[in-house]
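**Student:**
Residue numbers (the numbering used here): 102 to 266.
1) What are the start and end residues of each continuous beta strand (DSSP E) run of 3 or more residues lying completely inside the region 182-227, in chain order?
2) Within 10 Å of its beta-carbon, does residue 184 have 16 or more other beta-carbons around it, so buried, or fewer, so exposed?
3) Write down the C-beta distance between residue 244 and residue 188 rounded to the nearest angstrom, noting that I regard them as a contact closer than 8 Å.
4) Between residue 250 and the rest of its own chain, which residues show a CB-CB distance below 7 Å, the 5 nearest in sequence each way excluded?
5) Restricting to Cα atoms, I'd like to know which of 216, 111, 145 and 258 is closest to residue 200.
6) At the level of alpha carbons, what is the spacing between residue 151 and residue 247?
7) In the structure shown, what three-state DSSP assignment does residue 281 receive?
8) Let me make sure I understand the geometry here. Which of 257, 233 and 264 has the alpha-carbon closest to that of residue 211?
9) So the candidates are 259, 209, 266 and 137; which of them puts its Cα closest to the Cα of residue 172?
10) Which stretch, first to last residue, makes up the alpha helix (DSSP H) that contains residue 348?
11) Go through its chain and collect everything with a Cβ distance to residue 144's Cβ below 6 Å, but skip five positions before and after it.
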């Protein structure tokens, strides 16, 4: 569900799965804001299918989510989702450069491009969708910051991100 908890683990020889004891919920100021909480749950739900077969999850994911959760009430939640998503794609080595189309494998020399699942770049004629300014997307991928994107572009990136990793 995306809640931060503190707990003690209690092992039992009869059960292979340890029990959680002394569970404490660590809250954030934005938990009572319905819109922010809804966006958080949608963002967190992307991780279950993405990490379900992973035996040991690297602390990078936890740190990235914790950093976003701490900023969630001060900054735009939508922008934090985009920035965190890009950080994770970059960490996993799956942040594709915008100079080549993933559909036709030809260079993208135009000033506009489209983005598909996992923010993979395509020519505007190779896929349908919202056209993005290539320079802005290059800067977004490089700096991992949405500062130069307008709200319309942020709103167009979110449905692409919510399709999953």
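Glycine is no exception: its CB is placed at the ideal position from the N, C-alpha and C atoms.
**Tutor:** On the basis of the coordinates in this document:
1) Within the region 182-227, the complete beta strand (DSSP E) runs of at least 3 residues fall at 213-217 and 221-223.
2) Taking the chain shown and counting its residues from 1, the one referred to as residue 184 is at position 83. By the 10 Å Cβ count, residue 184 comes out buried.
3) If you number the chain shown from 1, residue 244 lands on position 143. If you number the chain shown from 1, residue 188 lands on position 87. Rounded, the Cβ-Cβ distance is 11 Å, inconsistent with contact.
4) For the purposes of this step, residue 250 is taken as the residue at position 149 of the chain shown. Taken in chain order, the residues that qualify are 237 and 241.
5) As a position in the chain shown, residue 200 is number 99, starting the count at 1. Comparing Cα positions, the closest option is 216.
6) Start at 1 with the first residue of the chain shown, and residue 151 comes out as number 50. Start at 1 with the first residue of the chain shown, and residue 247 comes out as number 146. Looking at the two C-alpha atoms, the distance is approximately 23 Å.
7) Because the chain is modelled from 102 through 266, residue 281 falls outside the range shown and cannot be assessed.
8) Along the chain shown, read from residue 1 onward, the residue named residue 211 stands at position 110. Among 257, 233 and 264, the Cα nearest to that of residue 211 is on 233.
9) For the purposes of this step, residue 172 is identified with residue 71 of the chain shown, where counting begins at 1. Of 259, 209, 266 and 137, the residue nearest in Cα terms is 137.
10) Nothing about residue 348 can be read from this structure; the chain reaches only from 102 to 266.
11) In the chain shown, residue 144 corresponds to position 43, counting from 1. Excluding five sequence positions before and after residue 144, the CB atoms of its chain that fall closer than 6 Å to its own CB belong to 182, given in chain order.
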